[in-house]
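What follows is a set of notes on a single structure, which appears directly below.
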Amino acid sequence: MILIKTHILNPLNRFETEFRKNVFLTIKGNRIHSLSDQPDDDHWEDYTHCVCLPGMIDAHVHLSQFRIRGKHSSELLPWLNEHVFPEEARSSEPEYADVIAREFFQDLIRKGTTTSVIYTAPFFSACDKAFRIAEELGVRALIGAALMDVNSPEGLQQKTDTAFQESVDLYHEWNGKNELLEYIFSPRFAPVCSPRLMKLTGDFASRNNAYIQTHLSENLEEIKLVRSLYPEVSSYTEVYLKNNLLGPKTLLGHAIHLSDSELEIIKKTGSKVIHCPDSNFFLKSGQFPWSDLLRFEIPFALGSDVGAGTDLSMFQVMKMANYRQDEYIVSPEEAFYLATRGGAEAIGKDDQIGAIEVGKSADLVFADCRDPQTRESSDILSELMYLETNQKINTVFVNGKIKFQRAR
Ligand SMILES: [Zn+2]
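In the working numbering, the protein residues as written are 37 to 444.
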């Protein structure tokens, strides 16, 4: 049992954050066992110089692109060809995949992200390695190997049946192997996936109630390309609909340039959207239609989209979420909700993570805070979101265990 005295910032909903000062929090095993104003014991660990947040959730990130953050290009399609594909090809070597997975997860934990939804390079060994390192380090993750079987560079393009079978093998090997790890089927995006590969994947995932992630309508040139490849289909979203890729466990990255009829399809199928504002700035992809998503009541979460995103810090992503909107004002409370409880809701894990409540998994971030006793929650959240983000993370727990503690 661990007993901690601290101040808790807990997202209640999209617009409200509860701030409880001088709370005694106990962790028993991997769960939050109690929250009270009085200690059960005389010996507690003092974290009253910090605020305690739920572990943050990065719902869209590319592990194998970790080292190409900040490599400039004009926009999405040239950037994929100039930087992403050559770098992902390097992960065909297991030694390289091992090194990059370690670097990635260590940075992720250090920045307070306790759950991540990950694409790896399109190799069985690279994805398997990512799972092994995640298991060794004890982090929570959904991981999938990118699928691509057409219009792709040599070295990355797979044969349809091999690509599908390797993903199925990874699913059987890793999905639910321990309580922290799950497989997510990851057709990269329509331009590099054949209809047969998408359909095989969609059908398998729906039979097995498995997760799917892909990219949708990030960039105008990409949309033109999809139209030229699928002239008989009336929209990009319908390409995924026809191939059985949409559903309540499908996470659609970006979803920027969408018609009302596409939003309607996303809503009806129960699919979720992941907004990646830092990446949208970097690749000049466009402005996420925040108000439209709210109007259609489509749940969405936040992702770093590293390597097009430049930093794994979800505080950075929260900041960019507000900066990227010309008119919609993203409050610190709303950004915080999306990086925590809202993220958990989007990936269907809000019964386990995303908030600080008795019975939930002890995925916790302690961030340094000046004068927490005298300040309001909005002031503290605003500071976390806009200032010196990486320096503030003091200690990180995943599933009841300390995974990062800054040297004192
Ligand atoms: Zn992405």
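Cβ coordinates follow ideal geometry from the N, Cα and C atoms, glycine included.
Q) Hey, is GLY436 close to ligand 1, as in C-beta under 6 Å from one of its heavy atoms? A) no
Q: Provide the residue(s) that pair with LEU12 in DSSP beta bridges, ordered along the chain.
A: Examination of residue 12 is not possible in this model, given that the chain is present from 37 through 444 alone.
Q) Does the separation of the CB atoms of THR196 and ARG232 fall below 7 Å? A) yes
Q) By how many angstroms is the C-alpha of LEU261 removed from the C-alpha of SER270? A) 13 Å
Q. Quick one: is TYR359 buried, meaning 16 or more other Cβ sit within 10 Å of its Cβ, or exposed?
A. exposed
Q) Just to confirm, does GLY65 get its C-beta within under 6 Å of one of the non-hydrogen atoms of ligand 1? A) no
(Q) Measuring only from the beta carbon, is GLY289 closer than 6 Å to any heavy atom that is part of ligand 1? (A) yes
Q) Between which two residues does the beta strand (DSSP E) containing HIS290 stretch? A) 286-290
Q | Distance, ASP73 Cα to GLN323 Cα | A | 44 Å
Q. Can you tell which of PHE121, VAL401, GLY238 and PHE240 has the C-alpha that lies nearest to the C-alpha of PHE102?
A. PHE121
(Q) With distance defined between alpha-carbon atoms, name the residue in GLY339, SER315, LYS278 and SER321 nearest to LYS308. (A) GLY339
Q: Determine contact between the stretch 155-165 and the stretch 114-128, defined as no fewer than three beta-carbon pairs at a distance below 8 Å.
A: yes
Q) Can you tell me whether ALA380 is buried or exposed, with buried defined as 16 or more other CB within 10 angstroms of its CB? A) buried
Q) Within the present structure, is the beta-carbon of VAL134 separated from the nearest heavy atom of ligand 1 by less than 6 Å? A) The question names Val, yet the displayed sequence has Asp at residue 134. No; taking the cut-off as 6 Å, the Cβ of ASP134 has no heavy atom of ligand 1 nearer than that.
Q. Does DSSP put TYR247 in a helix, in a strand, or in coil?
A. strand
(Q) Using a Cβ distance threshold of 8 Å, determine whether the stretch 72-86 contacts the stretch 289-300, with at least three qualifying pairs required. (A) no
Q | Where the beta strand (DSSP E) through VAL153 begins and ends | A | 149-156
Q: Could you tell me if HIS98 is buried or exposed, where buried requires 16 or more neighbouring beta carbons within 10 angstroms of its beta carbon?
A: buried
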